[in-house]
Every structure is written in structure tokens, then in C-alpha cells.
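**Student:** Have a look at the structure that comes next, please.
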Amino acid sequence: MTVQPKNTGSITTTEGGRFSRILGVGGYRPERVVTNEEVCTWIDSSDQWIQERSGIKTRRFAREDESVVDMSEQAALPALEMAGIKADQVDAIIVATISHPFQTPAAAPLLATRLGTGNVPAFDISAACAGYCYAISVASDMVRAGSADNVLVIGVEKLSQWTYRHDRGTSFILADGAGAAVVGPSDVARIGPTVWGSEGDKWSTIQQRVGWDEIRRIWEHVEATGEEPDYSKFEVANIAEASTMQMAGQSVFRWAVWGMAPIAQQALDRAGITADDLDAFIPHQANMRIIDAMIKQLKLPADIPVARDIAETGNTSAASIPLATERMLREGEVPHGGLALEIGFGAGLVYAAQVVELP
């Protein structure tokens, strides 16, 4: 016997706007400025070497008692103000981060409670340095599909707590901060198609040194025997180092330089514009040399402003693009309503690029 469905009609669904846009942006940089000279008290290096290798002069570190949620709130408030909406008009929250210390609960629901948005859907995404561009794409699709009218997007990291200070390959690069954007409906296209993807075969290029499953087994061994395990098999010195990040710097550099410029060009092509139409280029702030190489490969006109926040802010992963966007607008470096090409890339390995109209 064949069972027949009870209802063969169509399901009622929501209808969204045809297009989306970024209505406002905000940023938060922790107060503590960490110089290269201070970093060199932890690693065998110099200010000259760090600047030559990365372009970084200073970076920001959050206070010990300052959380990912704290920083997200400080970035969200000016973004809401620029967008001209109140917290209770936010329909969803997406937080892009890899440094919220809890796998559950996520940071986004905690932020929703802080802001007073009500019981809106709120969730985190883990796409490292591409997280903000991923979140902008998801938020744009939600608005266009009718799932939400106003989506608050946060890119936030507290990487100082996950960096092994004595690691010469990462301790001078990673930093803390938060950036925010509000995505809402538009009468015309103001967020272009996202070109995004992943290369999971390169997952070990940027990763946490030891997985939480192994760290738990280390804890259980210590608790059962009272003895420290043989950390050498994990290629770490102690449990503190085990939970931190490591990066194959040269491999990442080559991948970013040669692999990401074509992705950025695809985003331009899919948006139907050329480099000459741009008012800004806002790449992930990974390394000044990577930025310079991408400019050459994209053949960007010399007069296009390029985000170089890494010099004073360091690499803040998911926060780097919105932080740079906020600063460039605030300082008048780029025009409101101008077109910006943004691209994020990092651990995963993952990447995403899109052209957006600046709020």
C-alpha cells in the first residue's frame, strides 16, 4: 500500500527584499597598546625584523577580564547608531569568532541579552579570518530571503589568550578587537555576490596545536597518575602551549599571495565592476607584504585607498575587515556610499570575497 501525503498544496513562506546593504559599521579596539619592543621581551626578535616581516608596529590586547562578548557589545553600539536603528529592531545576530572560550553557549546569544534585542536567533560561525565576510554573506541572504530585516554581524577575536607568547612565528602577529556591521534591505544591489570556498586539505597550515579531545586525555592522565605526560609527542612543552595556535607561515604566505588575488578578481567580475570603479580595497589584515602583493596582482589603480590597519592593530582575524572599514570611514579616507572590495582568508583553509557599498 502506498501512503499518500495529507497536503499536496504549497507551503507558505516569507518574502524578503530583492537586495541588501550594509546600514552601519562600528569598531572597538582595546585600550592596551603592545609595542614590538614589548613583544621582543617574549621572543628573540627585533622591532626591525617584525616590521620587515609583517608591517606591524603595534597591536592591541584586551584586558584579562575583557571578553569576546564585552568587545562585541562595544563594537555593536556605534554600528546600530550609524544604521539608525535600536537594539529591539535587530532580527538576528551572527558572531564570527574563533576565540570565544566556550564551545557552548555561543557568544551571540549572550550578546543578544546584553543588547536587549529580545529572543532573536543568534549564533556563532567559525571561519577564522574569513569569518566576517562569511557572516556578511549569510546576513545578506537572510535579508533577501525574508528571514530577517536587520541582521547584526560581529567579527571579534581575543587571540592574545590563545597565542603562545614564546612562539616566534605567531606571538608578534595576533591581536584583539571587534568590528560590527548592520545588514538590512535595499532597493538596489549594494552587496555583491560572495565568492567563497574552502581547502580542507590544507587544514594543518593554521590550527590549534592539540585538539580538545587530546587535551582532555592529558588532564585525565594527570588526574589519575599525578604525573605530567610526555608532551613531546604533541610537539608542545606544556598544557598551556597545547591549546594555542600555530601557523606554517611560509605556506600561508604563498597560499594567500598566489591564491587569493584570483578570488578577489572573481568578486569584482561577479559584481559587474572593475578595479577602476573601486573606492577602497579592504583585505584581511594578515601581513603587509601579502596586501602589497595582492595590489600588484589585481592591478589596482594607485589612487585607491587600501586598508593597512595591521600596522597599528595587528592581525585580529575575523575583526580585521570591519575594524579597518570603520576606521577608514571615520577618518574620511574613503567616501560613504563608495564601493569597497573586501576579502578574508585564513584557517580552514577558508576564504570569502565580496564587493559592498560602504554605509
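For the sequence shown, UniProt numbering gives the first residue as 1, with consecutive numbering after it.
Note that the Cβ used here is the ideal one computed from N, Cα and C, for glycine as well.
This one's a predicted model, so the numbers in the text were calculated from it and none came from an experiment.
Just the Cα atoms here: how many angstroms apart are cysteine 129 and valine 156?
**Tutor:** If you take the alpha carbons of cysteine 129 and valine 156, they lie about 10 Å apart.
**Student:** Quick one: is threonine 2 buried, meaning 16 or more other Cβ sit within 10 Å of its Cβ, or exposed?
**Tutor:** Label assigned to threonine 2: exposed.
**Student:** From glycine 16 to isoleucine 22, what distance separates their C-alpha atoms?
**Tutor:** Whole-angstrom Cα-Cα distance: 16 Å.
**Student:** With burial defined as no fewer than 16 other Cβ atoms inside 10 Å of the residue's Cβ, what is the status of proline 301: buried or exposed?
**Tutor:** It is exposed - the Cβ of proline 301 has fewer than 16 other Cβ atoms within 10 Å.
**Student:** Would you mind sorting lysine 86 into buried or exposed? The rule is 16 or more other CB atoms within 10 Å of its CB.
**Tutor:** Per the 10 Å Cβ criterion, exposed.
**Student:** Decide yes or no for the touch test of the segment 339 to 359 against the segment 201 to 220: beta carbon pairs closer than 8 Å, at least 3 of them.
**Tutor:** Verdict: yes, contact present.
**Student:** Taking alanine 311 as the reference, give the member of Met71, Gly116, Glu52 and Val25 with the closest Cα.
**Tutor:** If we check each option's Cα against that of alanine 311, Glu52 comes out closest.
**Student:** Between aspartate 303 and chain D, is the shortest Cβ-Cβ distance under 8 Å, so that the two count as touching?
**Tutor:** Structure shown: chain D not included; a single protein chain is present.
**Student:** At which residues does the alpha helix (DSSP H) containing valine 143 begin and terminate?
**Tutor:** 131 to 145 is the extent of the alpha helix (DSSP H) around valine 143.
**Student:** Just list the alpha helix (DSSP H) runs in the segment 246 to 306, keeping only unbroken ones of 4 residues or longer that don't cross its boundaries, in chain order.
**Tutor:** You should have 249 to 271 and 288 to 298.
**Student:** Distance check for valine 120 and lysine 158, CA to CA, integer angstroms please.
**Tutor:** C-alpha separation (whole angstroms): 25 Å.
**Student:** Determine whether the beta carbon atoms of valine 151 and alanine 92 lie at a separation below 8 Å.
**Tutor:** In this structure, alanine 92 lies closer than 8 Å to valine 151 by Cβ.
**Student:** What did DSSP end up calling asparagine 36 once you bin it into helix, strand or coil?
**Tutor:** If DSSP states are grouped into helix, strand and coil, asparagine 36 belongs with the helices.
**Student:** Residue range of the alpha helix (DSSP H) that valine 334 falls in?
**Tutor:** Careful: valine 334 lies outside any alpha helix (DSSP H) and carries neither H nor E.
**Student:** Kindly indicate the opening and closing residues of the alpha helix (DSSP H) around aspartate 70.
**Tutor:** Note, aspartate 70: alpha helix (DSSP H), 68 to 83.
**Student:** Between the C-alpha atoms of glutamate 81 and proline 335, what's the straight-line distance to the nearest angstrom?
**Tutor:** Each residue's Cα considered, the two are about 18 Å apart.
**Student:** I need the DSSP call for glycine 177, collapsed to helix, strand or coil.
**Tutor:** Note: glycine 177 maps to strand in three-state DSSP.
**Student:** Within its chain, find whatever has a CB closer than 6 Å to the CB of leucine 278; leave out the 5 residues flanking it on each side and keep chain order.
**Tutor:** These residues qualify, in order along the chain: Ile304, Leu339 and Leu341.
**Student:** Return helix, strand or coil for alanine 127, following the three-state DSSP convention.
**Tutor:** Alanine 127 falls in the coil class under three-state DSSP.
**Student:** Taking the alpha carbon of alanine 112 as the point to measure from, which residue in Ala127, His100, Val90 and Thr41 has its own alpha carbon closest?
**Tutor:** Checked all of Ala127, His100, Val90 and Thr41; the closest Cα to alanine 112 is Val90.
**Student:** Cβ of serine 160 within 8 Å of Cβ of valine 210?
**Tutor:** Contact: no.
**Student:** What are the boundary residues of the beta strand (DSSP E) that includes isoleucine 206?
**Tutor:** Element bounds for isoleucine 206: 206 to 208.
**Student:** What does the Cβ neighbour count give for phenylalanine 61, buried or exposed, with the cut at 16 atoms within 10 Å?
**Tutor:** Burial call: buried.
**Student:** Could you tell me which residues DSSP pairs with phenylalanine 61 in its beta bridges?
**Tutor:** Phenylalanine 61 pairs with Arg32.
**Student:** Just how far apart, CA to CA, sit tyrosine 221 and threonine 170?
**Tutor:** Here residue 221 is histidine; the residue named in the question, tyrosine, does not match the sequence. For histidine 221 and threonine 170, the distance between alpha carbons rounds to 29 Å.
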